[in-house]
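Going from the sequence shown to this note's numbering is simple: count from 1 and add 181. Virtual Cβ for every residue (Gly too), placed ideally from N, Cα, C. The structure appears below as C-alpha cells.
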Amino acid sequence: MTKLNLRDYSGTSEGKMKRRKRAPETAAVHGAADLEKKNAPVSAPIYQTSTFEVTDNDEQQRVTGTDRYYTRWGNPTVTLAEQTLAEIEGTEGARVFASGMGAITSTVLALLKTGDHIVAQRDIYGGVTKFFSQWLPKLGIETTFVDTTNYALHERAIRPNTRLLYVESPSNPTLRVIDFAKIAALAKKHGLITMIDSTFGTPINQHPAEYGFDLVMHSGTKYLSGHADLTCGVICGRQEFMQQLWETRTTLGNCMDPHAAWLLIRGLKTLAVRVQRQNENAQRVADLLERRAKVRRVYYPFLKSHPEYAIARQQMTGGGGMVTFEVEGTGEDARRVSEAMRLFTLATSLGSVESLVSIPVLTSHAMISAEQRKGMGVTEQMIRLSVGVENAEELIADLDQALESVAAHHSVTTGL
Ligand SMILES: Cc1ncc(COP(=O)(O)O)c(C=O)c1O
Numbered sequence: 182m183t184k185l186n187l188r189d190y191s192g193t194s195e196g197k198m199k200r201r202k203r204a205p206e207t208a209a210v211h212g213a214a215d216l217e218k219k220n221a222p223v224s225a226p227i228y229q230t231s232t233f234e235v236t237d238n239d240e241q242q243r244v245t246g247t248d249r250y251y252t253r254w255g256n257p258t259v260t261l262a263e264q265t266l267a268e269i270e271g272t273e274g275a276r277v278f279a280s281g282m283g284a285i286t287s288t289v290l291a292l293l294k295t296g297d298h299i300v301a302q303r304d305i306y307g308g309v310t311k312f313f314s315q316w317l318p319k320l321g322i323e324t325t326f327v328d329t330t331n332y333a334l335h336e337r338a339i340r341p342n343t344r345l346l347y348v349e350s351p352s353n354p355t356l357r358v359i360d361f362a363k364i365a366a367l368a369k370k371h372g373l374i375t376m377i378d379s380t381f382g383t384p385i386n387q388h389p390a391e392y393g394f395d396l397v398m399h400s401g402t403k404y405l406s407g408h409a410d411l412t413c414g415v416i417c418g419r420q421e422f423m424q425q426l427w428e429t430r431t432t433l434g435n436c437m438d439p440h441a442a443w444l445l446i447r448g449l450k451t452l453a454v455r456v457q458r459q460n461e462n463a464q465r466v467a468d469l470l471e472r473r474a475k476v477r478r479v480y481y482p483f484l485k486s487h488p489e490y491a492i493a494r495q496q497m498t499g500g501g502g503m504v505t506f507e508v509e510g511t512g513e514d515a516r517r518v519s520e521a522m523r524l525f526t527l528a529t530s531l532g533s534v535e536s537l538v539s540i541p542v543l544t545s546h547a548m549i550s551a552e553q554r555k556g557m558g559v560t561e562q563m564i565r566l567s568v569g570v571e572n573a574e575e576l577i578a579d580l581d582q583a584l585e586s587v588a589a590h591h592s593v594t595t596g597l
C-alpha cells in the first residue's frame with residue numbers, strides 16, 4: 182500500500198507556508214466551497230460567462246480587478262479552482278492558466294526582465310528547454326543549463342544577474358529527482374527565486390513549498406485534472422507573486438476558461454485516490470520491467486537502482502505514476518514495442534486515469550535538438566509509460582505480450 186500523506190499540517194518551514202487546516206486529500210474533495218452555507222449546490226457552479234452586469238458605473242469601477250468584471254481578469258469558477266489548488270499545495274495563493282506552458286511562460290515574463298539570467302537543470306520538459314534556449318534570448322534573458330543533480334555546478338553557474346533557479350522533479354522523461362532542501366538553501370544563499378515544475382510529483386506525493394520553494398508549477402493537464410479532457414497550468418506560491426502573475430495573465434490573455442476550471446475542480450476531488458492507485462500500479466510495472474531481459478534500463482524514483490532513490494524516499498510519499506524504460510535493441514524496436522501494446526494507449530501526455538505510452542524523442546522531446554536530447558540522456562530506445570488506474574495484472578500482461586511480440590518478430594526476421 183502507498184503511504185498516505187500523513188504529516189504535520191501546522192506549516193512551519195521558512196515562514197513561507199500557509200498554515201494548513203486540512204490534509205491535501207480533504208482539501209481536494211471539499212475545495213474552496215463554503216461549508217457553512219446552507220442549500221448551496223454540492224458541485225461548484227460554472228460561471229460560463231465572459232462578462233458581469235453592474236448596476237452603475239461606480240460599481241463598474243469597484244469590480245474592476247475582481248473575478249466579477251470580465252473573465253480574462255477573473256471568474257468565480259476560476260477563483261474556486263485557484264483557492265482549492267492553493268490549499269492542496271499549502272501555499273498562500275494559486276493562479277491557473279490556459280496550459281502548463283502558458284503558466285511557465287507567463288511566470289518568467291512576469292518576474293524577469295532583459296539582462297536577467299536563469300540557472301536551470303538540464304533534464305526538463307522539452308517545451309521549457311525550447312522556451313529558455315530559443316525564445317528568451319530574443320528578449321535578452323539568458324539561461325545556463327546545468328547537470329541536474331550536481332549542485333556545485335548549479336552554484337557555479339550563478340551570476341550577479343541571476344534571478345531564477347528553475348528545476349523539475351521528477352523530471353520528464355528520465356525521472357531524475359532533485360534534492361529540494363539543497364536547491365532551496367542555494368537559492369536562499371544567493372537571493373534567487375526558486376521555481377519547480379512538480380507535474381510528475383503531484384501535490385499528493387510531494388510538497389516543495391514546505392522546503393521553501395517560491396513557485397510550484399503543475400501542468401494541470403496531467404494529474405490534477407486526471408481525465409485527459411482539458412489543458413491547464415497552475416502556479417502556487419506567495420501572494421506577492423500571485424499578484425504579479427495575475428497582472429501578467431490579464432495582459433497576455435493566458436487565462437483559463439470557466440468550463441475547463443470546473444472540470445479541473447471535479448478532477449481534483451479524486452486526485453488523492455487516483456495518485457495512490459497510480460503509485461501502486463507504477464511500482465509494480467517498474468518492478469516487472471526490471472526483471473525482463475528485453476529491457477536495458479528502468480527509470481523509476483522508488484526503484485533501489487535509481488540514482489536518487491534515497492532522496493526520493495525521503496521527500497516523496499509515493500514514486501508517482503510515470504515509468505520510463507529503454508529496450509534492448511534499436512529505436513525501431515522501441516517503436517514496435519509501443520505499437521504492440523493494447524491496454525496502454527499510444528498517445529502523448531500523461532497523468533490521466535488510462536495508461537498511456539509514448540516515445541519521448543517523438544513527443545515530449547521532439548521539439549529540441551538531438552544534441553540537447555543527448556545531454557539529457559533521452560535516447561531513441563526510450564519508452565515512457567504513464568501508468569493509469571486499471572488492473573495492475575492486466576497492465577503487466579500487456580507489457581509482457583508487447584515485449585514478447587517484438588522478440589518473436591526478431592526471431593522470425595533473423596531466423597533465430
Ligand atoms: C513536466 C511537464 N511540464 C510542463 C508541460 C507543459 O504542459 P502543457 O502541455 O499543459 O502546456 C508538460 C507537458 O507535457 C510536462 O510534461
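When DSSP labels each residue in this structure, what does residue i get in the three-state scheme?
{"i": "residue 577", "result": "helix"}
{"i": "residue 306", "result": "coil"}
{"i": "residue 252", "result": "coil"}
{"i": "residue 440", "result": "helix"}
{"i": "residue 404", "result": "coil"}
{"i": "residue 540", "result": "coil"}
{"i": "residue 301", "result": "strand"}
{"i": "residue 145", "result": "No information on residue 145 is available, as it lies outside the stretch 182 to 597 that the chain covers here."}
{"i": "residue 584", "result": "helix"}
{"i": "residue 455", "result": "helix"}
{"i": "residue 141", "result": "This structure leaves residue 141 out entirely; the chain is present only between 182 and 597."}
{"i": "residue 504", "result": "strand"}
{"i": "residue 232", "result": "strand"}
{"i": "residue 517", "result": "helix"}
{"i": "residue 560", "result": "coil"}
{"i": "residue 590", "result": "helix"}
Would you kindly work out how many angstroms separate the C-alpha atoms of residue i and residue j, rounded to a whole number?
{"i": "residue 281", "j": "residue 472", "result": "35 Å"}
{"i": "residue 527", "j": "residue 482", "result": "23 Å"}
{"i": "residue 410", "j": "residue 400", "result": "13 Å"}
{"i": "residue 134", "j": "residue 319", "result": "Nothing about residue 134 can be read from this structure; the chain reaches only from 182 to 597."}
{"i": "residue 343", "j": "residue 297", "result": "6 Å"}
{"i": "residue 381", "j": "residue 214", "result": "27 Å"}
{"i": "residue 322", "j": "residue 358", "result": "26 Å"}
{"i": "residue 292", "j": "residue 514", "result": "44 Å"}
{"i": "residue 578", "j": "residue 542", "result": "26 Å"}
{"i": "residue 487", "j": "residue 573", "result": "22 Å"}
{"i": "residue 492", "j": "residue 239", "result": "56 Å"}
{"i": "residue 265", "j": "residue 201", "result": "12 Å"}
{"i": "residue 250", "j": "residue 354", "result": "41 Å"}
{"i": "residue 210", "j": "residue 220", "result": "18 Å"}
{"i": "residue 246", "j": "residue 325", "result": "37 Å"}
{"i": "residue 315", "j": "residue 203", "result": "42 Å"}
{"i": "residue 228", "j": "residue 274", "result": "21 Å"}
{"i": "residue 559", "j": "residue 234", "result": "52 Å"}
{"i": "residue 489", "j": "residue 557", "result": "16 Å"}
{"i": "residue 255", "j": "residue 312", "result": "26 Å"}
{"i": "residue 589", "j": "residue 205", "result": "47 Å"}
{"i": "residue 458", "j": "residue 566", "result": "15 Å"}
I'd like the span of the alpha helix (DSSP H) that includes residue i, first residue to last.
{"i": "residue 332", "result": "332-338"}
{"i": "residue 267", "result": "257-270"}
{"i": "residue 343", "result": "No alpha helix (DSSP H) contains residue 343, which is instead part of the beta strand (DSSP E) from 343-349."}
{"i": "residue 326", "result": "Residue 326 -> not in any alpha helix (DSSP H); beta strand (DSSP E) instead, spanning 323-327."}
{"i": "residue 288", "result": "281-292"}
{"i": "residue 387", "result": "Taken as a continuous stretch (DSSP letters only), residue 387 belongs to no alpha helix (DSSP H), as it is neither H nor E."}
Is the CB-CB distance between residue i and residue j below 8 Å?
{"i": "residue 338", "j": "residue 300", "result": "yes"}
{"i": "residue 271", "j": "residue 390", "result": "yes"}
{"i": "residue 279", "j": "residue 398", "result": "no"}
{"i": "residue 237", "j": "residue 306", "result": "no"}
{"i": "residue 212", "j": "residue 290", "result": "no"}
{"i": "residue 385", "j": "residue 499", "result": "yes"}
{"i": "residue 506", "j": "residue 476", "result": "yes"}
{"i": "residue 576", "j": "residue 536", "result": "yes"}
{"i": "residue 376", "j": "residue 360", "result": "no"}
{"i": "residue 533", "j": "residue 408", "result": "yes"}
{"i": "residue 452", "j": "residue 413", "result": "no"}
{"i": "residue 504", "j": "residue 463", "result": "yes"}
Since I believe residue j is in contact with residue i (beta carbons under 8 Å), could you give me their beta-carbon distance rounded to a whole number of angstroms?
{"i": "residue 416", "j": "residue 405", "result": "In fact, because the Cβ distance is near 12 Å, the residues do not count as touching under 8 Å."}
{"i": "residue 540", "j": "residue 519", "result": "6 Å"}
{"i": "residue 561", "j": "residue 512", "result": "3 Å"}
{"i": "residue 570", "j": "residue 455", "result": "6 Å"}
{"i": "residue 356", "j": "residue 480", "result": "4 Å"}
{"i": "residue 345", "j": "residue 373", "result": "6 Å"}
{"i": "residue 431", "j": "residue 253", "result": "6 Å"}
Identify the continuous beta strand (DSSP E) that holds residue i and give its terminal residues.
{"i": "residue 418", "result": "414-418"}
{"i": "residue 378", "result": "374-378"}
{"i": "residue 278", "result": "274-278"}
{"i": "residue 565", "result": "563-567"}
{"i": "residue 557", "result": "Taken as a continuous stretch (DSSP letters only), residue 557 belongs to no beta strand (DSSP E), being part of the alpha helix (DSSP H) at 551-557."}
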